[in-house]
Amino acid sequence: MERFDAVIIGAGAAGMFCAAMAGQAGRRVLLLDNGKKPGRKILMSGGGRCNFTNLYVEPAAYLSQNRHFCKSALARYTQWDFIDLVGKHGIAWHEKTLGQLFCDDSAQQIVDMLVAECEKGGVTTRLRTEVLSVSRDDSGYRLELNGDTVSADKLVIASGGLSMPGLGATPFGYKIAEQFGLKVLPTRAGLVPFTLHKPLLEQLQTLSGVSVSSTITAEDGTLFRENLLFTHRGLSGPAVLQISSYWQPGEFVTVNLVPDCDLAAFLDEQRAAHPNQSLKNTLAMQLPKRLIECLQLLGQIPDVTLKQLNVRDQQALVETLTNWRVQPNGTEGYRTAEVTLGGVDTDELSSRTMEARKVPGLYFIGEVMDVTGWLGGYNFQWAWASAWACAQAL
Ligand code: FDA
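Residue numbering for the sequence shown follows full-length UniProt numbering, starting at 1 and increasing by one per position.
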């Protein structure tokens, strides 16, 4: 039976980086994955260009039952450390928006970089490998694989969350946590589009593909200012993906479709300057034409000139456009979600090493645990930072 210092299950972002760092520190590491390629989510990420980190990473950008847990790891391996590594590999990048850093060319470059770092650390990688069972005794961990059995002093679970089962996601990490008596918090899809109830969806069907700048607010007061996209299933776009992580079934979100102007003041100004201008054409200065046409059909925008618009109708219109309360029917679920909220309870883990407090030698890193970042490179930075913290302890 082959023996390693550490076996890492999951050759995704966290697992590959942890394997590379531990290998380079002299550990004998085996990295396992059930897929035929490593880093499948990395390849899909950022529209194929991988939004690998964010210039503005801070603990407040992460959801977790324990909001403090992520602080130590994020402070010890920062976005600047990862940017430095990317630079050493000659990967050109750019900031797209809001501090989000993307490869100029392809996400494949990030996977190639991680593979090269693993090779530098002498990591043994086995793909298409299923872990049939895991057991622990005084000498460490024993893993039955499809084919053979391996053992290790330490076991790192980097198998990710449940989002996108088509990319190899499984509940493996949660099952291992439960096997060893660790608490797993309920999971749900995050960074995911909303679906709408049929009547509202039918009213908005002509808007599919329309994108509009917005602010969106959850019932707990969390607010994002980004674009909202109408789709044939409901609502998407960065604003919606962000707020979905703060939304619970049954709750409302509030949307301002004209966040960049004081709409009432704008209408008053326009009325004073151009009283005979149509309301429709005035609103077209602030909103996409298709949205105005749709709201007209729904009777929300009267077919009048500005001087004909009475105070009550103006107030109602401003309310509709700046304080649109939507109750989503649900989300598109794990099929399209970028992340999984919840997971292995961080109270069970050391924030310094990611080791399970009551199970020596067992570690959890990346998305499998209850730490979830905003859209925009935050989740990869958590994968790198938690992996680095763990690697120091292996
Ligand atoms: P990850 O999911 O990367 O890796 C887990 C690995 O474990 C997989 O390779 C899987 O095959 C393997 N595995 C699972 N079960 C197993 C089992 N039973 N046996 C063996 N292996 C098993 N984030 C970001 O910061 N910027 C971005 O641009 C994007 N974009 C993006 C796009 C899309 C489409 C998705 C779905 C997600 C993103 N994300 C993102 C989120 C990001 O991809 C995610 O948070 C990280 O990949 C999490 O890294 P992990 O290593 O924890 O899991």
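Beta carbons: idealized from backbone N, C-alpha and C, even for Gly.
Residue from the options with nearest C-alpha to residue i
| i | options | result |
| --- | --- | --- |
| His197 | Leu32, Pro360, Pro328 | Pro328 |
| Gln100 | Phe52, His274, Glu251, Phe180 | Phe52 |
| Ala6 | Asn256, Lys120, Val115, Ala152 | Ala152 |
| Leu291 | Ser278, Thr206, Glu338 | Thr206 |
| Glu348 | Val371, Pro288, Ala218 | Val371 |
| Thr331 | Asn323, Ser236, Phe82, Asp104 | Ser236 |
| Gln286 | Leu321, Asn276, Pro302, Gln315 | Leu321 |
| Leu204 | His232, Ser106, Ser45 | His232 |
| Gly166 | Met369, Ile301, Lys36, Ala393 | Lys36 |
| Lys96 | Cys50, Tyr77, Leu63, Asp137 | Cys50 |
| Gln79 | Lys280, Trp382, Asp104 | Trp382 |
| Val57 | Gly333, Leu127, Gly140, Arg76 | Arg76 |
| Leu263 | Leu279, Glu251, Gly250 | Leu279 |
| Ala73 | Leu375, Gly377, Ile365 | Ile365 |
| Leu375 | Ala22, Met16, Tyr62 | Tyr62 |
| Leu200 | Asp104, Leu298, Ser214 | Leu298 |
| Gln109 | Gly90, Ile157, His94 | Gly90 |
| Gly140 | Asn379, Gln270, Leu362, Gly373 | Leu362 |
| Lys183 | Asp84, Lys358, Gly46 | Lys358 |
| Asp148 | Ser133, Asn54, Leu162 | Ser133 |
| Leu191 | Phe224, Gln270, Pro259, Arg126 | Phe224 |
| Ala337 | Gly23, Phe4, Ser45 | Ser45 |
| Arg3 | Arg27, Lys71, Phe17 | Arg27 |
| Thr170 | Arg352, Gly12, Gln392 | Gly12 |
| Gly250 | Val326, Val304, Met354, Cys390 | Val326 |
| Tyr378 | Gln308, Met164, Ala22, Gln242 | Gln242 |
| Leu55 | Cys18, Asp84, Leu98, Gly47 | Leu98 |
| Ser208 | Lys289, Gln296, Gly234 | Gly234 |
| Asp137 | Met369, Trp388, Pro360, Gln392 | Pro360 |
| Gln65 | Lys71, Gly87, Leu185, Glu117 | Leu185 |
| Ala116 | Ala20, Ala265, Gln392, Glu269 | Ala20 |
Bridge-paired residues (DSSP) for residue i
| i | result |
| --- | --- |
| Ile157 | Ile9, Phe364 |
| Val339 | Gly190 |
| Thr53 | Leu101 |
| Val212 | Leu228 |
| Glu355 | Tyr363 |
| Leu185 | Gly343 |
| Glu2 | Val150 |
| Thr331 | Phe194 |
| Gly15 | The partner list for Gly15 (beta bridge, DSSP) is empty, contrary to what the question assumes. |
| Gly234 | Thr195 |
| Met21 | The partner list for Met21 (beta bridge, DSSP) is empty, contrary to what the question assumes. |
| Leu349 | Ala356 |
| Gly373 | Tyr62 |
| Thr217 | Leu223, Thr254 |
8 Å contact criterion, which residue i and residue j should meet: CB distance rounded
| i | j | result |
| --- | --- | --- |
| Ser350 | Ala14 | Incorrect: roughly 16 Å between the Cβ atoms, too far for contact. |
| Asn34 | Glu144 | With 8 Å as the limit, Asn34 and Glu144 do not qualify as a contact, their Cβ atoms being about 14 Å apart. |
| Phe194 | Ser244 | 6 Å |
| Thr124 | Leu31 | 7 Å |
| Trp324 | Val212 | At roughly 11 Å, the Cβ-Cβ gap does not stay under 8 Å, so Trp324 and Val212 are not in contact. |
| Val29 | Gly160 | Wrong, their Cβ atoms sit about 18 Å apart, outside the cutoff. |
| Ser154 | Leu394 | It should be pointed out that residue 154 corresponds to Lys in this sequence rather than to Ser. With 8 Å as the limit, Lys154 and Leu394 qualify as a contact, their Cβ atoms being about 5 Å apart. |
| Leu257 | Thr282 | In fact, because the Cβ distance is near 15 Å, the residues do not count as touching under 8 Å. |
| Val339 | Glu293 | About 35 Å separates the two Cβ atoms, so there is no contact after all. |
| Gly173 | Val344 | 7 Å |
| Gly39 | Val156 | The pair is not a contact, with the Cβ atoms about 16 Å apart (cut-off 8 Å). |
| Tyr246 | Thr215 | About 13 Å separates the two Cβ atoms, so there is no contact after all. |
| Tyr334 | Ala189 | 5 Å |
| Gly373 | Thr187 | Gly373 to Thr187, Cβ: 16 Å. No contact. |
| Trp93 | Phe102 | 6 Å |
| Trp384 | Phe17 | 5 Å |
| Pro288 | Val210 | 5 Å |
Span of the beta strand (DSSP E), counted from its first residue to its last, around residue i
| i | result |
| --- | --- |
| Asn227 | 223-230 |
| Asn256 | 253-256 |
| Leu279 | Here Leu279 belongs to no beta strand (DSSP E); instead the alpha helix (DSSP H) covers 279-283. |
| Leu30 | 29-32 |
| Trp93 | 93-95 |
Limits of the alpha helix (DSSP H) - the one that residue i falls within
| i | result |
| --- | --- |
| Leu295 | 289-297 |
| residue 471 | The structure shown does not extend to residue 471, since the chain is modelled only from 1 to 394, so the question has no answer here. |
| Trp324 | Element bounds for Trp324: not the alpha helix (DSSP H) but the beta strand (DSSP E), 324-326. |
| Gln308 | First-last for Gln308: undefined, no H or E at that position. |
| Trp384 | 378-393 |
| Gln270 | 263-273 |
| Ile42 | 40-44 |
In chain order, which continuous runs of the beta strand (DSSP E) of length 3 or greater are located wholly inside the segment 111-183? 124-126, 131-137, 140-145, 149-157
Runs of alpha helix (DSSP H) lying entirely within the segment 53-89, each at least 4 residues, in chain order: 71-76, 79-88
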